[in-house]
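Contents: one structure, followed by commentary.
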Amino acid sequence: MGRIHQLPMSVVNRIAAGEVVERPASVVKELLENALDASPSRIDVALEQGGVALVRVVDDGGGIEAEDLPLAVTAHATSKLRVAEDLERIGTLGFRGEALASIGEVSRLVIRSRTPEGIGAAITVDGGRAGEVVPEGCAVGTTVEVHQLFGNVPARRSFLRAPQTEWSHASEAFVRTALAHPAVGFSLTHNGRRIHDLPVTGSWRARIGDLFGIELSDRLIEVEADDGEVSVHGFVGRPEDDLASGRLQHLIVGGRPFRDRSILHAVQEAYRGLLLSGRQPIVFLAFDLPPDAVDVNVHPAKMEVRFREPSRLYRLVLAALRSKFLAANVTTRLEPPLSDAWPAPRLPEFAPFPAGGPLRRDPPPLWAATADPAAGTPPAPGSAAAVPMAWEIDEAARTGVSDALAVQMHDRYIVVESGDGIEVIDQHALHERLLYEKLKASVDGGGLEVQPLLIPEKLDLDPSELELIGEHAATLERAGMRIEPFGGATVIVTSKPALVGDTPAAMIVQEVLDRLAATAATGGGSSMLVDEVLHGLACRAAIKAGDRLSQAEVDALVQEWRIVPESHHCPHGRPTSLTLSRQDLDRQFRRT
Ligand code: ADP
Ligand code: MG
-8 MGRIHQLPMS VVNRIAAGEV VERPASVVKE LLENALDASP SRIDVALEQG GVALVRVVDD
52 GGGIEAEDLP LAVTAHATSK LRVAEDLERI GTLGFRGEAL ASIGEVSRLV IRSRTPEGIG
112 AAITVDGGRA GEVVPEGCAV GTTVEVHQLF GNVPARRSFL RAPQTEWSHA SEAFVRTALA
172 HPAVGFSLTH NGRRIHDLPV TGSWRARIGD LFGIELSDRL IEVEADDGEV SVHGFVGRPE
232 DDLASGRLQH LIVGGRPFRD RSILHAVQEA YRGLLLSGRQ PIVFLAFDLP PDAVDVNVHP
292 AKMEVRFREP SRLYRLVLAA LRSKFLAANV TTRLEPPLSD AWPAPRLPEF APFPAGGPLR
352 RDPPPLWAAT ADPAAGTPPA PGSAAAVPMA WEIDEAARTG VSDALAVQMH DRYIVVESGD
412 GIEVIDQHAL HERLLYEKLK ASVDGGGLEV QPLLIPEKLD LDPSELELIG EHAATLERAG
472 MRIEPFGGAT VIVTSKPALV GDTPAAMIVQ EVLDRLAATA ATGGGSSMLV DEVLHGLACR
532 AAIKAGDRLS QAEVDALVQE WRIVPESHHC PHGRPTSLTL SRQDLDRQFR RT
């Protein structure tokens, strides 16, 4: 007797469920897609316990006929495709006819629905066993409830993470989908608490603002390109609003959020030279192309799509962004801020230094103790030390020519003569390093100067950010950032370290959250977390590449660079300056 046999349908479904349903977030995504395919004006999502106990999605779309309910929960049954050719031009989000069957296999699934013409009816599927269709009074539209996900599959349930983690994935799935459909109203509730309420809007920028905060959306730059067949439209962040992660990079095609390395590569390419390495821009891009130019049937959870001509999209994205960035002089700021909600860049006041700091010629007291006493006071111009003797060059390299001319170039580098050659200083890297060292020394020494905000800055966060802030409130406070809940997903920042000057709290908080999330994920201890916050503060408050400095500011930076022993490297470990040694120069010019 042969050993190969056909699997029963229930096993096939259970295997398919493994591909489609990974966690509550996948349920949210599939149910939202189904609801959207029914042309609703509004969708309400409610979760309990991160979606593990319950995911409920209510729409006011076209509904399901009572007689179709048993088919809706059967595998490979769909109203969205008939013949294989339909796969070439998919106009709906769903088409595989798999989601409800898979979900019903691993939970208790209840569907109540009514079409405008029909009567209301309900069906329950419990661990793969579908019950009878029963009449049920309900409004036009569909309510789908998924109770106790993986309740009947303990092995898979044990793979679920803590409800808070599942919640953050689920809310992310909600956000990605809601972002792609501004013309539909959405709400999201968790454990009875309303997290998002998104009104119908005709404007994508408005939806971005409702999801991520008006301060952010107001600052975005609109981009657009069209090559006759394919077009892209969207919003991108200013280079200086970069983030530590790609969290705010959203790509959409045909109402479908998707991931695509090649397109993100084009984005990176467009920002090349405008961002520090490892930094990520904010991008929201929606593509419009003929249905037969994109294949959405390449990924069970439909997270990825395949384009007929990927290089075409690559070029289009590059063109759309470059026309905004590179046509303008990249070293100057791109546009004035669009709203007063986000104050203009600090320069030229150079606020990150404490009052009087940068222009003072002698070392700030903070450094007096640690700096080499010989290096502490720069020699007077014309004194013997200003002309280092050959054998003194090594130790005098950073101090010997303190009054040498320092020149800012390309609004990003400072070039200065040093004891044994020419130094090229990266102004952002250096300033970041200096700020970080000062912050760290004052936190460690217990003397952090905190600046209470007379008018607290209000921030709208997304749920996972809110949670992260709650978790790390003590860490943030140690670093001088006091953040308090203000109802809903809003918080207020009531104090910042004085050293960060008037850098907007919104920018700092985004940066710090990204870093906290990354460090917490690697299991970093509390001192590492404080350190990450300080890095984030320094990075945001530091002058940027592209900031034009006054000569006094250039001199002040160079002055500190000479006297702060740790200023060689920025906190990311990148060098803050490069040396062109006199020896090398001599060799290049064949003087030796
Ligand atoms: P697919 O979406 O790939 O067709 P599903 O298993 O997700 O497969 O859904 C099966 C069918 O159930 C859909 O084709 C659709 O006809 C119907 N359906 C599911 N959810 C809804 C809803 N919210 N409103 C109307 N019809 C729905
Ligand atoms: Mg579906």
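Okay, so the sequence shown: first residue is -8 according to our numbering, each after it adds one.
For every residue, glycine included, the Cβ atom is placed at its ideal position computed from N, Cα and C.
Values in this document were obtained by computation on a predicted structure and should not be read as measured data.
Cβ-Cβ separation, residue j to residue i (assumed contact under 8 Å), whole Å
i      : j      : result
Val524 : Ile405 : 28 Å between Cβ atoms; not a contact.
Thr106 : Val131 : 7 Å
Gln442 : Ser486 : 6 Å
Gly225 : Ala277 : 6 Å
Ala66  : Asp50  : No, Ala66 and Asp50 are not in contact; Cβ-Cβ is about 22 Å, not under 8 Å.
Leu45  : Val137 : 7 Å
Leu540 : Gln399 : 5 Å
Asp402 : Thr567 : Asp402 to Thr567, Cβ: 17 Å. No contact.
Glu502 : Arg531 : 5 Å
Thr83  : Asp28  : 5 Å
Ile273 : Leu234 : 7 Å
Leu421 : Ser558 : 6 Å
Ser249 : Val214 : Checking the sequence, you will find Phe at residue 249 rather than Ser. Wrong, their Cβ atoms sit about 18 Å apart, outside the cutoff.
Gly41  : Gln155 : 6 Å
Ser159 : Pro495 : Going by Cβ atoms, the distance from Ser159 to Pro495 rounds to 25 Å, so no, they are not a contact pair.
Leu569 : Val415 : 5 Å
Arg122 : Glu24  : This sequence places Gly at residue 122; Arg is not what is there. With a Cβ gap of about 24 Å, Gly122 and Glu24 do not count as contacting.
Arg33  : Gly176 : 4 Å
Ile212 : Val227 : 5 Å
Ala7   : Thr180 : That belief does not hold up - the Cβ atoms of Ala7 and Thr180 are roughly 29 Å apart, past 8 Å.
Under the three-state DSSP convention, the category residue i falls into
i       : result
Arg582  : coil
Val407  : strand
Arg473  : strand
Leu234  : strand
Glu24   : helix
Met0    : helix
Lys449  : strand
Arg506  : helix
Asp59   : helix
Arg263  : coil
Thr466  : helix
Gly537  : coil
Ser222  : strand
Gly88   : coil
Gln155  : helix
Leu140  : coil
Val392  : With a pLDDT of 49 at Val392, under the threshold of 50, the modelled position of that residue is not reliable, and the figure given next carries that caveat. DSSP places Val392 in coil when its eight states are reduced to three.
His256  : helix
Ser486  : strand
Val585  : Examination of residue 585 is not possible in this model, given that the chain is present from -8 through 583 alone.
Gly527  : helix
Ser32   : coil
His241  : strand
Ser104  : strand
Ser302  : helix
Glu13   : coil
Ile121  : Strictly speaking, residue 121 in this sequence is Ala, with Ile absent from that position. Residue state, collapsed to three classes: strand.
Ser98   : coil
Leu520  : helix
Ile114  : strand
Val49   : strand
Asp546  : helix
Val491  : helix
Val227  : strand
Leu666  : Look at the range of the chain in this structure, -8 to 583, and you will see that residue 666 is not part of it.
Ile416  : strand
Leu38   : strand
Ala277  : strand
Asp251  : coil
Arg(-6) : coil
Arg313  : helix
Gly246  : coil
Open item on the list: Whether or not the segment 190 to 204 and the segment 284 to 300 are in contact is what I'm after, with contact meaning three or more pairs of Cβ atoms, one per stretch, closer than 8 Å; do they touch?
Closed with: no
Open item on the list: Report the start-end ranges of each alpha helix (DSSP H) in the segment 163 to 220 that is 4 residues or longer and not cut off at the edges.
Closed with: 195 to 203, 205 to 210
Open item on the list: Pairs of beta-carbons, one from the segment 93 to 107 and one from the segment 5 to 17, closer than 8 Å: are there three or more?
Closed with: yes
Open item on the list: Can you tell me which residues fall inside 6 Å of ligand 2, judged by beta-carbon distance to its nearest heavy atom, and keep chain order?
Closed with: Glu21, Glu24, Asn25, Gly85, Ala90
- [ ] Would you mind listing the alpha helix (DSSP H) stretches within the segment 418 to 450 that are 4+ residues and don't spill past its ends, in chain order?
- [x] 418 to 435
Open item on the list: Three Cβ pairs or more, each shorter than 8 Å: is that satisfied between the segment 198 to 215 and the segment 176 to 189?
Closed with: yes
TODO: For the segment 52 to 60 and the segment 109 to 121, state whether three or more C-beta atom pairs, one from each stretch, are separated by less than 8 Å.
DONE: yes
Task: Segment contact, 8 Å Cβ cut-off, at least three pairs: the segment 434 to 448 with the segment 461 to 481 - done: yes
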